[in-house]
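Asker: Residue numbers (my numbering), protein chains in the order written: chain A, 1 to 555; chain B, 556 to 1110.
Number of protein chains: 2
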Amino acid sequence: MTPMNILVVGGVAAGASFAARARRLNEAAQITIIERGPDVSFANCGLPYHIGGEIPTRDVLAVQTAESLKGLLNLDVRTNSEAVEIDRAAKRVRIRNLETGADEWMAYDKLMLAPGASPLRPNMPGIGDPRIFTLRNLQDMDRIMAATEEGMRAVVIGAGFIGLEMTEQLQRKGLTVQLVELQPQVMPPLDAPMAALLESELRHNGIGLHLGDGIERFTGDSDHVRCHLNSGAVLEADLVILSIGVKPDSELAKDAGLQLGPRGHIVVDGFQRTSDPDIYAAGDVIETLDRVILGSKTAVPMGGPANRQGRVAADHIFMPDKVRPYPGSIGTGIVRAFEAVAGITGWSEKRLAAAGIPFEAVTVNDSHHATYYPGAKPMTLKICWDPESGRLLGAQANGFEGIDKRLDVLSTAIVAGMTVDDLCHLELAYAPPFGAAKDAINLAGFAACNRRDGLVEHIETLPDDPAVQVVDVRGKPLADAFPAPGKIINIPFPMLRSSLDKLDRTRPVVTLCAFGKMSYFAARVLKQNGFNVASFNGGLKGSVDPRSPAKLPNP
Amino acid sequence: MTPMNILVVGGVAAGASFAARARRLNEAAQITIIERGPDVSFANCGLPYHIGGEIPTRDVLAVQTAESLKGLLNLDVRTNSEAVEIDRAAKRVRIRNLETGADEWMAYDKLMLAPGASPLRPNMPGIGDPRIFTLRNLQDMDRIMAATEEGMRAVVIGAGFIGLEMTEQLQRKGLTVQLVELQPQVMPPLDAPMAALLESELRHNGIGLHLGDGIERFTGDSDHVRCHLNSGAVLEADLVILSIGVKPDSELAKDAGLQLGPRGHIVVDGFQRTSDPDIYAAGDVIETLDRVILGSKTAVPMGGPANRQGRVAADHIFMPDKVRPYPGSIGTGIVRAFEAVAGITGWSEKRLAAAGIPFEAVTVNDSHHATYYPGAKPMTLKICWDPESGRLLGAQANGFEGIDKRLDVLSTAIVAGMTVDDLCHLELAYAPPFGAAKDAINLAGFAACNRRDGLVEHIETLPDDPAVQVVDVRGKPLADAFPAPGKIINIPFPMLRSSLDKLDRTRPVVTLCAFGKMSYFAARVLKQNGFNVASFNGGLKGSVDPRSPAKLPNP
Chain A
1 MTPMNILVVG GVAAGASFAA RARRLNEAAQ ITIIERGPDV SFANCGLPYH IGGEIPTRDV
61 LAVQTAESLK GLLNLDVRTN SEAVEIDRAA KRVRIRNLET GADEWMAYDK LMLAPGASPL
121 RPNMPGIGDP RIFTLRNLQD MDRIMAATEE GMRAVVIGAG FIGLEMTEQL QRKGLTVQLV
181 ELQPQVMPPL DAPMAALLES ELRHNGIGLH LGDGIERFTG DSDHVRCHLN SGAVLEADLV
241 ILSIGVKPDS ELAKDAGLQL GPRGHIVVDG FQRTSDPDIY AAGDVIETLD RVILGSKTAV
301 PMGGPANRQG RVAADHIFMP DKVRPYPGSI GTGIVRAFEA VAGITGWSEK RLAAAGIPFE
361 AVTVNDSHHA TYYPGAKPMT LKICWDPESG RLLGAQANGF EGIDKRLDVL STAIVAGMTV
421 DDLCHLELAY APPFGAAKDA INLAGFAACN RRDGLVEHIE TLPDDPAVQV VDVRGKPLAD
481 AFPAPGKIIN IPFPMLRSSL DKLDRTRPVV TLCAFGKMSY FAARVLKQNG FNVASFNGGL
541 KGSVDPRSPA KLPNP
Chain B
556 MTPMNILVVG GVAAGASFAA RARRLNEAAQ ITIIERGPDV SFANCGLPYH IGGEIPTRDV
616 LAVQTAESLK GLLNLDVRTN SEAVEIDRAA KRVRIRNLET GADEWMAYDK LMLAPGASPL
676 RPNMPGIGDP RIFTLRNLQD MDRIMAATEE GMRAVVIGAG FIGLEMTEQL QRKGLTVQLV
736 ELQPQVMPPL DAPMAALLES ELRHNGIGLH LGDGIERFTG DSDHVRCHLN SGAVLEADLV
796 ILSIGVKPDS ELAKDAGLQL GPRGHIVVDG FQRTSDPDIY AAGDVIETLD RVILGSKTAV
856 PMGGPANRQG RVAADHIFMP DKVRPYPGSI GTGIVRAFEA VAGITGWSEK RLAAAGIPFE
916 AVTVNDSHHA TYYPGAKPMT LKICWDPESG RLLGAQANGF EGIDKRLDVL STAIVAGMTV
976 DDLCHLELAY APPFGAAKDA INLAGFAACN RRDGLVEHIE TLPDDPAVQV VDVRGKPLAD
1036 AFPAPGKIIN IPFPMLRSSL DKLDRTRPVV TLCAFGKMSY FAARVLKQNG FNVASFNGGL
1096 KGSVDPRSPA KLPNP
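1) Note down, in chain order, every chain B residue with its Cβ under 8 Å from the Cβ of residue 425 of chain A.
2) Would you kindly work out how many angstroms separate the C-alpha atoms of residue 565 of chain B and residue 788 of chain B, rounded to a whole number?
3) Quick check on the burial criterion: 16 or more other C-beta atoms within 10 angstroms. Buried or exposed for residue 184 of chain A?
4) Going by C-alpha to C-alpha distance, which of B:949, B:700 and B:810 sits closest to residue 899 of chain B?
5) Assign residue 1060 of chain B to one of two classes, buried (16 or more other C-beta atoms within 10 Å of its C-beta) or exposed (fewer than that).
6) Alpha carbon to alpha carbon, how far is residue 697 of chain B from residue 179 of chain A? Give it in angstroms, no decimals.
7) Considering only the beta carbon of each residue, do residue 68 of chain A and residue 310 of chain A sit closer than 8 Å?
8) Output, in chain order, the set of chain A residues within a Cβ distance shorter than 9 Å of residue 964 of chain B.
9) Looking only at C-alpha atoms, which of B:607, B:1020 and B:1048 sits nearest to residue 1033 of chain B?
10) Taking CB distances under 8 Å as the criterion, tell me whether residue 692 of chain B reaches chain A.
11) Taking residue 646 of chain B as the reference, give the member of B:916, B:832 and B:704 with the closest Cα.
12) Could you please give the first and the last residue of the uninterrupted beta strand (DSSP E) stretch that includes residue 835 of chain B?
13) Would you say residue 145 of chain A and residue 51 of chain A are within 8 Å of each other, going by their C-beta atoms?
14) Would you mind reading off the limits of the alpha helix (DSSP H) that contains residue 862 of chain B?
15) Is there at least one Cβ from chain A nearer than 8 Å to residue 934 of chain B's Cβ?
16) What residues of chain A sit near residue 939 of chain B, judged by a beta carbon separation below 8 Å?
17) Please tell me whether residue 27 of chain A has its Cβ less than 8 Å away from any Cβ of chain B.
18) Using CA coordinates, which residue listed in B:971, B:893, B:1096 and B:850 is at the minimum distance from residue 912 of chain B?
19) Counting contacts by CB-CB distance shorter than 8 Å, is residue 418 of chain A in contact with chain B?
20) What does residue 568 of chain B reach in chain A if we use C-beta pairs closer than 7 Å?
21) With residue 597 of chain B as the anchor, note down where its alpha helix (DSSP H) starts and where it stops.
22) Since residue 174 of chain A contacts residue 201 of chain A with CB under 8 Å, what's their CB separation in whole angstroms?
23) Can the beta-carbon of residue 862 of chain B be found closer than 8 Å to that of residue 350 of chain A?
24) Quick one, which of B:695, B:721, B:632 and B:713 has its alpha-carbon nearest residue 892 of chain B's?
25) Quick test of the definition: if touching needs 3 or more C-beta pairs under 8 Å, does the segment 244-263 of chain A touch the segment 66-86 of chain A?
26) Are the beta-carbon atoms belonging to residue 544 of chain A and residue 510 of chain A less than 8 Å from one another?
27) Residues in its own chain within less than 8 Å of residue 316 of chain A by CB, not counting five upstream and five downstream?
28) Any residues in the segment 882-897 of chain B with a beta carbon nearer than 9 Å to a beta carbon of chain A? Which ones, in chain order?
29) Can you name the start and end residues of the beta strand (DSSP E) that residue 119 of chain A belongs to?
30) Mind checking which residues open and close the beta strand (DSSP E) that includes residue 154 of chain A?
31) Taking the beta strand (DSSP E) that residue 112 of chain A belongs to, which residues open and close that run?
32) Decide if the segment 1073-1088 of chain B is in contact with the segment 1036-1056 of chain B; the criterion is three or more beta carbon pairs, one per stretch, under 8 Å apart.
33) Flag residue 554 of chain A as yes if its beta-carbon sits less than 8 Å from any beta-carbon of chain B, otherwise no.
34) In chain order, what residues of the same chain lie with their CB nearer than 8 Å to the CB of residue 771 of chain B, ignoring the 5 residues before and after it?
35) Check the C-beta distance from residue 820 of chain B over to residue 842 of chain B and give it rounded, since I have them as a contact under 8 Å.
36) Can you have a look at residue 555 of chain A and say buried or exposed, based on whether 16 or more other CB atoms are within 10 angstroms of its CB?
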């Protein structure tokens, strides 16, 4: 039997995983990787951390080389080579050697397209200034490192994953950093209140935040680049990082007539096959199924999905009787900005609302492990669920420690189709250094079930209707030191049962506290005493001040 | 309507949670907690950590007091009071005031039994020595603290959760500690290879380990206690900690004729009702459903289940139309010993084997986050699954960081009924400080699926049959520096494809490496070249040396 001839376009996450799995399944196949850049299988998620020096050596980012892939996997790797045309009828690809400019046709039995996605670089005045950088590969990283030195002024445009990581790392390197974001919040995938801790942390670390403002054009002279924002503000910079998103590198596929989605991603089936059954695609270039809202599509330009999609494609070629389809992505993401961490899995409230999908949401505050064990750090969780079935639709978390753990559990719960009831009874690992007898995830389940069972009504914003009595149930010293906004009646919770006559039973009541827990307790007391009452969801910490203190500092 | 009269026996985890939830659901009820000890609602999981000074202040362990529970929850708490008799016909309990000795009958509409479990103290010669301690409450803790000082010799008997925590904390306090365990391993809930890292860490920290040896009797004089072990060894001690397990405090229930299980636990239904519908029970005193092997029973003396069972019971009393049953426990547990951490969720291999339940198991080694990001720590995961359906039955993990995270995800996956296939496609939070594009949990899923799909056979122990060719595919310097046991052929993996003629195709081959990954790669190469080959599951690290180095130390 003639060995199968496999051609792979793109040698980073999806392409390299595909090729490795293909080799594991078939020793005989001829497997060739065509990579435009000089490197294959490098750690692209690590690039910002080397720029800031947190990853001190460059070597560790070059996970594999053409030579090591030959030795380990018997792969033929052609770097500095670009696939410029697919001849589907003849099953061949025209490859351009980027060093010599020479073209060559290479035949395939099966073709994998894993070219990735490019940083957006919008066509606007001044965009060509060489001090405006994007970050995709080791060469971009090298250029940024060569262009940065302590004391310089940087402007980072776009406050998503890469923007936040670059902001932190440039500041770490000694630059002054301004961060510009078109949305009125950083980390646009999160709901704004869940991103507020990151903003607080960025400001605390001296980052200039320009939220709800976008870049309009650049001007520059030999001294610096000027970033002209929509608001009219002008930021001077010695260098600019553009991190406003990516677009799929699907031109090759488009030119070959493969089906593309509405945003230019390659359309694939569950086995990563494109509209041509001999051509597969995986990674940042494709759209896939959404695992939360079944029937919808999503594109998740992340390393995890890319790796696993590559694997599925190889399985489909070499063990078609056993391959299981890629189940889709849910878009789990996490980012650290200095000490603060925030992330999301599944859908946010604003995304559900924009899509017209019914949902309910609750926010709870807790510590990342038992509070009596030293070092407990505050943490906030928000979950969204389907009001009909109780099925979990999304979760967000922020804090300082243990955020990844909660996101991972909730991501698992979402793909399992778990409901908020199920969250109540997850049995999570508890010893004082690691958790609590009731983990924040259990608490989120309890809060959601309390709502579903009609035990409590929540409100999301403090009312400005003077007819509503807003009762702050924190202790008086705390309520005085960190007052809630607006007209407030302070009744510390232990006094509430004996202070009911201070409230007007004919007028609605909203209870509030620091974390949303005592206000729930208070709402239960008042509701059972005949009041029309709602509890302020998430407390002052969740919706007003992400660092709202629960306790007065020690005297 | 007359307020309901609720009596609660036991005011720590289950009893306090029950009472708090009951109050939240019903402001009018008369709720009284009867607590044998002087404290309620204390942090019993924190006791060892205060003894060692890691939790510096005692106050934080007394989470609530009788006074604070009155103020917050309008509960009547009677400490130093013991329930000594239940008169089910008259629905009343005889309460003894332990300070005055006076008895009093108290009526109930609903009774909650949450008395907990007592440390085992076997009847053996010398057991009455006052230098032999058990640890259950704050008073035990105070006594141990008063009896310990730097330089003393301690013997800890029983290497489960409490035994390991006490060992670490006593050593932290400056004592010399010997640890005795009847099983041939520490942390008996784990499979022995998964506990080996803890043993290595304990030895590394100067703890004397006496495994597979039990206590037979004590003798003592004014100078010290002598612990006589089954082996004949005698350990001298200034104090002894007995931590060999607990028994449910179910005498009161037994005397009242309530149904007990085979090991003396109170039998309850899904709503925590005992065989008397007006009497509920929760916490360490009950047996409950096992969430893994449906139809079987389990008893999990842990704070998490106790808290949640108490909540279910209160819901059943006060919102019977909405209450959802307690789904059972899976027995998630985690323990830290110095820098090392290990834990389990669901069933171990040995427990499955002992119960005659079919299973398969695989062990994988990985790092707790991307290896290219500084600080990556080694980690080992083991999963067990049902060979028929692929459903996950149990998981164990050990390492230094991120162990709780993996256990929590796998605990969630188990109760969701997920299969090993599902583990492959969990989309876990990845940024370099937090994880990897392919998390260890994904890798465990891949390894299990590779087995299920017939891509690889694993063996669990290295063969001593000389007909088997054992091929070590690590690099030669590493293979020489840390040789595998037995007769080994070293063929570094990159040389394998060109060295097939060094092996005899008529004889079976076992491949091995440090972590079980390269040996899998090698097994695939050999299998496709016609060899009868198996890969050594988990590598040398998993089954031979828990600290088996993957790389040579830097020169």
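From the three backbone atoms N, C-alpha and C, an ideal C-beta is built for every residue, glycine too.
Answerer: With the given structure in hand:
1) 863, 881, 882 and 970
2) 40 Å
3) exposed
4) The residue with the shortest Cα to Cα distance from residue 899 of chain B is B:949.
5) exposed
6) 54 Å
7) In this structure, residue 310 of chain A does not lie closer than 8 Å to residue 68 of chain A by Cβ.
8) 405, 408, 409, 411 and 412
9) B:1048
10) no
11) Nearest neighbour of residue 646 of chain B by Cα position, chosen from B:916, B:832 and B:704, turns out to be B:832.
12) 834-836
13) yes
14) 858-873
15) no
16) Per Cβ cutoff of 8 Å: no residues; residue 939 of chain B is ~17 Å from chain A at best.
17) Yes, residue 27 of chain A counts as interfacial toward chain B.
18) Considering only B:971, B:893, B:1096 and B:850, the residue with the shortest C-alpha distance to residue 912 of chain B is B:850.
19) yes
20) 437
21) First-last for residue 597 of chain B: undefined, no H or E at that position.
22) Contact doesn't hold; Cβ gap of about 19 Å is too wide.
23) no
24) For the options B:695, B:721, B:632 and B:713, the alpha carbon positioned closest to that of residue 892 of chain B is the one of B:721.
25) yes
26) no
27) The residues are 271, 272, 273, 280 and 323.
28) Within the segment 882-897 of chain B, 882, 883, 884, 885, 886, 887, 888, 889, 890, 891 and 896 place their CB atoms closer than 9 Å to a CB of chain A, listed in sequence order.
29) Going by DSSP, residue 119 of chain A is part of the beta strand (DSSP E) stretching over 117-119.
30) 153-157
31) 110-113 is the span of the beta strand (DSSP E), which, as asked, contains residue 112 of chain A.
32) yes
33) Below a pLDDT of 50, predicted positions are generally treated as unreliable, and residue 554 of chain A, at 49, falls in that range; the measurement from the model is reported next regardless. Residue 554 of chain A does not count as touching chain B.
34) Cβ within range, chain order: 679, 783, 784 and 785.
35) Between residue 842 of chain B and residue 820 of chain B the Cβ distance is about 4 Å, and since that is below 8 Å, they are a contact.
36) Any reading at residue 555 of chain A must be qualified, since the residue scores a pLDDT of 41, below 50, and its modelled position is unreliable; the value itself is stated next. The C-beta of residue 555 of chain A has fewer than 16 other C-beta atoms within 10 Å across all chains shown, which makes the residue exposed.
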